[in-house]
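*Asks:* Residue numbers for the sequence shown follow the numbering used here, beginning at 333 and rising by one. We treat Cβ as the ideally placed atom computed from N, Cα and C, and that holds for glycine. Given the structure is predicted, the values throughout are model-derived calculations rather than measurements.
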Amino acid sequence: MEDAVLVSRLRARDENAFETLLRTYMARLLRVARRFLKNEEDARDAVQDAFIAAFRGIDRFQAGSKLSTWLHRIVVNAALMKLRSRRRHPEEEIDALLPRFAADGHQVEESRDWSMSAEEMVQREETRELVRQSIDKLPESYRVVLLMRDIEEMSTEETAEALGITPTAVKVRLHRARQALRTLLDQDLRR
333 MEDAVLVSRL
343 RARDENAFET
353 LLRTYMARLL
363 RVARRFLKNE
373 EDARDAVQDA
383 FIAAFRGIDR
393 FQAGSKLSTW
403 LHRIVVNAAL
413 MKLRSRRRHP
423 EEEIDALLPR
433 FAADGHQVEE
443 SRDWSMSAEE
453 MVQREETREL
463 VRQSIDKLPE
473 SYRVVLLMRD
483 IEEMSTEETA
493 EALGITPTAV
503 KVRLHRARQA
513 LRTLLDQDLR
523 R
(Lines of atoms letter the chains of each structure in order from A and count residues from 1; the text may use other names and numbers.)
(Lines give C-alpha, C1' and ligand atoms only; values in the text may rest on other atoms or scores of the structure.)
Protein backbone atom coordinates (compact mmCIF):
# COMPACT_ATOMS: atom_id res chain seq x y z
CA MET A 1 0.00 0.00 0.00
CA GLU A 2 1.28 3.48 -0.86
CA ASP A 3 2.31 5.75 2.00
CA ALA A 4 -0.23 8.43 1.05
CA VAL A 5 -3.13 5.97 1.08
CA LEU A 6 -2.01 4.38 4.33
CA VAL A 7 -1.55 7.77 6.02
CA SER A 8 -4.96 8.88 4.82
CA ARG A 9 -6.57 5.75 6.24
CA LEU A 10 -4.63 6.13 9.51
CA ARG A 11 -5.84 9.73 9.81
CA ALA A 12 -9.39 8.43 9.37
CA ARG A 13 -8.65 6.08 12.33
CA ASP A 14 -9.10 2.98 10.18
CA GLU A 15 -8.15 0.00 12.39
CA ASN A 16 -7.20 -2.11 9.36
CA ALA A 17 -4.72 0.58 8.33
CA PHE A 18 -3.09 0.41 11.76
CA GLU A 19 -2.83 -3.36 11.39
CA THR A 20 -1.22 -2.88 7.96
CA LEU A 21 1.21 -0.40 9.49
CA LEU A 22 2.19 -2.94 12.16
CA ARG A 23 2.64 -5.80 9.70
CA THR A 24 4.66 -3.66 7.32
CA TYR A 25 7.05 -2.00 9.75
CA MET A 26 7.13 -4.04 12.99
CA ALA A 27 10.12 -6.29 12.20
CA ARG A 28 12.26 -3.47 10.81
CA LEU A 29 11.54 -1.15 13.73
CA LEU A 30 12.14 -3.91 16.27
CA ARG A 31 15.63 -4.41 14.79
CA VAL A 32 16.30 -0.70 15.27
CA ALA A 33 15.14 -0.78 18.91
CA ARG A 34 17.26 -3.86 19.62
CA ARG A 35 20.38 -1.99 18.54
CA PHE A 36 19.84 0.51 21.34
CA LEU A 37 18.28 -1.67 24.03
CA LYS A 38 19.98 -4.88 25.12
CA ASN A 39 16.81 -6.26 26.68
CA GLU A 40 14.26 -7.79 24.28
CA GLU A 41 11.33 -6.73 26.44
CA ASP A 42 12.57 -3.13 26.49
CA ALA A 43 12.98 -3.18 22.70
CA ARG A 44 9.43 -4.47 22.24
CA ASP A 45 8.11 -1.86 24.69
CA ALA A 46 9.91 0.90 22.79
CA VAL A 47 8.40 -0.24 19.50
CA GLN A 48 4.94 -0.45 21.06
CA ASP A 49 5.37 3.06 22.49
CA ALA A 50 6.51 4.27 19.07
CA PHE A 51 3.49 2.82 17.29
CA ILE A 52 1.15 4.38 19.81
CA ALA A 53 2.90 7.74 19.42
CA ALA A 54 2.74 7.42 15.64
CA PHE A 55 -0.95 6.59 15.68
CA ARG A 56 -1.69 9.51 18.00
CA GLY A 57 0.52 11.89 16.03
CA ILE A 58 -0.37 10.83 12.48
CA ASP A 59 -1.99 14.22 11.87
CA ARG A 60 1.45 15.85 12.32
CA PHE A 61 3.08 13.60 9.70
CA GLN A 62 4.56 15.68 6.88
CA ALA A 63 3.50 14.21 3.54
CA GLY A 64 6.82 15.29 1.99
CA SER A 65 8.80 12.68 3.93
CA LYS A 66 8.65 8.89 3.88
CA LEU A 67 6.49 7.16 6.46
CA SER A 68 9.27 4.66 7.19
CA THR A 69 11.71 7.51 7.98
CA TRP A 70 9.20 9.15 10.30
CA LEU A 71 8.53 5.86 12.11
CA HIS A 72 12.25 5.12 12.36
CA ARG A 73 12.79 8.47 14.07
CA ILE A 74 9.96 7.80 16.53
CA VAL A 75 11.41 4.39 17.45
CA VAL A 76 14.88 5.84 18.00
CA ASN A 77 13.37 8.49 20.29
CA ALA A 78 11.34 5.86 22.16
CA ALA A 79 14.48 3.75 22.67
CA LEU A 80 16.37 6.80 23.92
CA MET A 81 13.56 7.56 26.37
CA LYS A 82 13.82 3.98 27.69
CA LEU A 83 17.56 4.43 28.15
CA ARG A 84 17.09 7.73 29.96
CA SER A 85 14.54 6.21 32.32
CA ARG A 86 17.04 3.48 33.30
CA ARG A 87 19.92 5.84 34.03
CA ARG A 88 19.85 5.36 37.76
CA HIS A 89 23.29 3.77 38.00
CA PRO A 90 26.55 5.69 37.46
CA GLU A 91 28.05 5.72 33.98
CA GLU A 92 30.91 3.32 33.35
CA GLU A 93 34.25 4.81 32.38
CA ILE A 94 35.51 4.18 28.85
CA ASP A 95 39.20 4.86 29.58
CA ALA A 96 40.00 1.20 30.29
CA LEU A 97 38.78 0.28 26.81
CA LEU A 98 40.84 2.88 24.94
CA PRO A 99 44.27 2.20 23.43
CA ARG A 100 47.23 3.09 25.69
CA PHE A 101 50.03 5.34 24.47
CA ALA A 102 53.68 5.58 25.53
CA ALA A 103 55.36 8.89 26.36
CA ASP A 104 56.64 9.10 22.77
CA GLY A 105 53.06 9.03 21.45
CA HIS A 106 53.13 5.50 20.01
CA GLN A 107 50.61 2.89 21.04
CA VAL A 108 51.86 0.61 23.82
CA GLU A 109 50.33 -2.37 22.08
CA GLU A 110 50.11 -1.97 18.32
CA SER A 111 46.74 -2.48 16.69
CA ARG A 112 46.53 -5.74 14.87
CA ASP A 113 46.96 -5.54 11.11
CA TRP A 114 43.71 -7.08 10.01
CA SER A 115 44.37 -9.18 6.93
CA MET A 116 40.96 -8.54 5.43
CA SER A 117 39.32 -5.24 4.69
CA ALA A 118 36.78 -4.11 7.27
CA GLU A 119 34.00 -4.68 4.74
CA GLU A 120 35.03 -8.31 4.19
CA MET A 121 35.19 -8.90 7.93
CA VAL A 122 31.75 -7.47 8.60
CA GLN A 123 30.28 -9.80 6.00
CA ARG A 124 31.34 -12.79 8.01
CA GLU A 125 28.71 -13.88 10.53
CA GLU A 126 31.10 -14.57 13.39
CA THR A 127 32.70 -11.16 12.96
CA ARG A 128 29.30 -9.47 12.92
CA GLU A 129 28.48 -11.15 16.22
CA LEU A 130 31.86 -10.12 17.63
CA VAL A 131 31.23 -6.51 16.60
CA ARG A 132 27.75 -6.59 18.20
CA GLN A 133 29.18 -7.98 21.43
CA SER A 134 31.97 -5.40 21.44
CA ILE A 135 29.51 -2.56 20.88
CA ASP A 136 27.45 -3.89 23.79
CA LYS A 137 30.54 -3.62 26.05
CA LEU A 138 30.79 0.13 25.48
CA PRO A 139 29.43 2.41 28.21
CA GLU A 140 25.89 3.45 27.35
CA SER A 141 26.53 7.12 26.53
CA TYR A 142 29.24 6.14 24.04
CA ARG A 143 27.36 3.13 22.66
CA VAL A 144 24.25 5.22 21.95
CA VAL A 145 26.23 7.88 20.07
CA LEU A 146 28.03 5.21 18.03
CA LEU A 147 24.73 3.52 17.16
CA MET A 148 23.03 6.77 16.21
CA ARG A 149 25.89 8.06 14.06
CA ASP A 150 27.41 4.91 12.53
CA ILE A 151 24.52 2.46 12.44
CA GLU A 152 21.45 4.69 12.16
CA GLU A 153 23.40 7.24 10.08
CA MET A 154 22.00 10.24 11.91
CA SER A 155 23.89 13.53 11.57
CA THR A 156 25.94 14.99 14.40
CA GLU A 157 23.34 17.71 14.86
CA GLU A 158 20.41 15.26 14.92
CA THR A 159 22.24 13.10 17.45
CA ALA A 160 23.07 16.08 19.65
CA GLU A 161 19.48 17.28 19.58
CA ALA A 162 18.05 13.85 20.35
CA LEU A 163 20.42 13.35 23.28
CA GLY A 164 20.31 16.92 24.57
CA ILE A 165 24.09 17.42 24.29
CA THR A 166 26.31 19.62 22.15
CA PRO A 167 27.55 18.59 18.70
CA THR A 168 31.10 18.76 20.11
CA ALA A 169 30.18 16.25 22.82
CA VAL A 170 28.75 13.96 20.12
CA LYS A 171 32.00 14.15 18.14
CA VAL A 172 34.15 13.46 21.21
CA ARG A 173 32.00 10.50 22.33
CA LEU A 174 31.92 9.09 18.80
CA HIS A 175 35.70 9.31 18.46
CA ARG A 176 36.27 7.69 21.85
CA ALA A 177 33.65 5.00 21.15
CA ARG A 178 35.35 4.14 17.85
CA GLN A 179 38.75 3.96 19.56
CA ALA A 180 37.37 1.72 22.31
CA LEU A 181 35.60 -0.48 19.78
CA ARG A 182 38.85 -0.89 17.84
CA THR A 183 40.68 -1.83 21.05
CA LEU A 184 38.02 -4.38 21.98
CA LEU A 185 38.06 -5.91 18.49
CA ASP A 186 41.87 -6.03 18.49
CA GLN A 187 41.82 -8.02 21.75
CA ASP A 188 39.35 -10.56 20.37
CA LEU A 189 40.95 -10.85 16.94
CA ARG A 190 44.40 -11.55 18.41
CA ARG A 191 43.09 -14.87 19.77
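Do the segment 390-408 and the segment 351-361 make contact, defined as three or more Cβ pairs closer than 8 angstroms?
*Replies:* Contact holds: three or more Cβ-Cβ distances are below 8 angstroms.
*Asks:* Using 10 angstroms around the beta-carbon of Ala365, count the other beta-carbons present and answer buried if the total reaches 16, otherwise exposed.
*Replies:* Along the sequence shown, one-based indexing puts residue 365 at 33. Buried is the call here.
*Asks:* Please confirm whether Lys414 and Asp374 have their CB atoms less than 8 angstroms apart.
*Replies:* By one-based count along the sequence shown, residue 414 stands at place 82. By one-based count along the sequence shown, residue 374 stands at place 42. It is a contact, given that the beta carbons lie within the stated cut-off.
*Asks:* If you follow the alpha helix (DSSP H) that Phe387 is in, where does it begin and where does it stop?
*Replies:* Numbered from its first residue, the sequence shown carries residue 387 at position 55. Phe387 -> alpha helix (DSSP H) spans 372-388.
*Asks:* Val477 and Arg505: beta carbons closer than 8 angstroms?
*Replies:* Locating residue 477 in the sequence shown gives position 145, counting from the first residue. Locating residue 505 in the sequence shown gives position 173, counting from the first residue. Yes.
*Asks:* For Leu479 versus Arg367, is the C-beta distance shorter than 8 angstroms?
*Replies:* Residue numbering aside, residue 479 sits at position 147 when the sequence shown is read from its first letter. Residue numbering aside, residue 367 sits at position 35 when the sequence shown is read from its first letter. Their beta carbons are under 8 angstroms apart, which means Leu479 touches Arg367 by this criterion.
*Asks:* Could you tell me the boundaries of the alpha helix (DSSP H) in which Glu347 lies?
*Replies:* Looking up residue 347 in the sequence shown gives position 15. That run of the alpha helix (DSSP H) goes 347-368.
*Asks:* Look at the alpha carbon of Gly389 and the alpha carbon of Glu441, and state the distance between them as a whole number of angstroms.
*Replies:* Position 57 of the sequence shown holds residue 389. Position 109 of the sequence shown holds residue 441. Roughly 52 angstroms between the two C-alpha positions.
*Asks:* For Phe433, which residues does DSSP report across the bridge?
*Replies:* As a working mapping, residue 433 is identified with position 101 in the sequence shown. DSSP output for Phe433 lists Gln439 as bridge partner(s).
*Asks:* Between which two residues does the alpha helix (DSSP H) carrying Asp482 extend?
*Replies:* As a working note, residue 482 is residue 150 in the sequence shown. Here Asp482 belongs to no alpha helix (DSSP H), and DSSP marks it neither H nor E.
*Asks:* Would you report the Cα separation of Leu361 and Ala336, rounded to the nearest angstrom?
*Replies:* Sequence index remark: in the sequence shown, residue 361 carries index 29 (1-based). Sequence index remark: in the sequence shown, residue 336 carries index 4 (1-based). Their backbone Cα atoms lie some 20 angstroms apart in a straight line.
*Asks:* Can you say whether Ala349 is buried or exposed, counting buried as having 16 or more other CB atoms within 10 angstroms of its CB?
*Replies:* Along the sequence shown, one-based indexing puts residue 349 at 17. Buried.
*Asks:* Closest to Arg376 by CA distance: which of Gln394, Val407, Thr352 is it?
*Replies:* Taking the sequence shown and counting its residues from 1, the one referred to as residue 376 is at position 44. Checked all of Gln394, Val407, Thr352; the closest Cα to Arg376 is Val407.
*Asks:* Just tell me which of Phe393, Glu372, Asn371 has its CA closest to the CA of Leu338.
*Replies:* For the purposes of this step, residue 338 is taken as residue 6 along the sequence shown, with counting starting at 1. The shortest Cα separation from Leu338 among Phe393, Glu372, Asn371 belongs to Phe393.
*Asks:* Return helix, strand or coil for Glu457, following the three-state DSSP convention.
*Replies:* Within the sequence shown, numbered from 1, the residue matching residue 457 stands at position 125. If DSSP states are grouped into helix, strand and coil, Glu457 belongs with the helices.
*Asks:* Mapping DSSP to helix, strand and coil, what is Glu472?
*Replies:* In the sequence shown, residue 472 corresponds to position 140, counting from 1. Residue state, collapsed to three classes: helix.
*Asks:* For the alpha helix (DSSP H) that contains Thr488, what are its first and last residues?
*Replies:* Taking the sequence shown and counting its residues from 1, one reaches residue 488 at position 156. 488-495 is the extent of the alpha helix (DSSP H) around Thr488.
*Asks:* What three-state label does DSSP hand Ser397 in the structure shown?
*Replies:* In the sequence shown, the residue the question calls residue 397 occupies position 65. Of the three classes helix, strand and coil, the one that applies to Ser397 here is coil, per DSSP.
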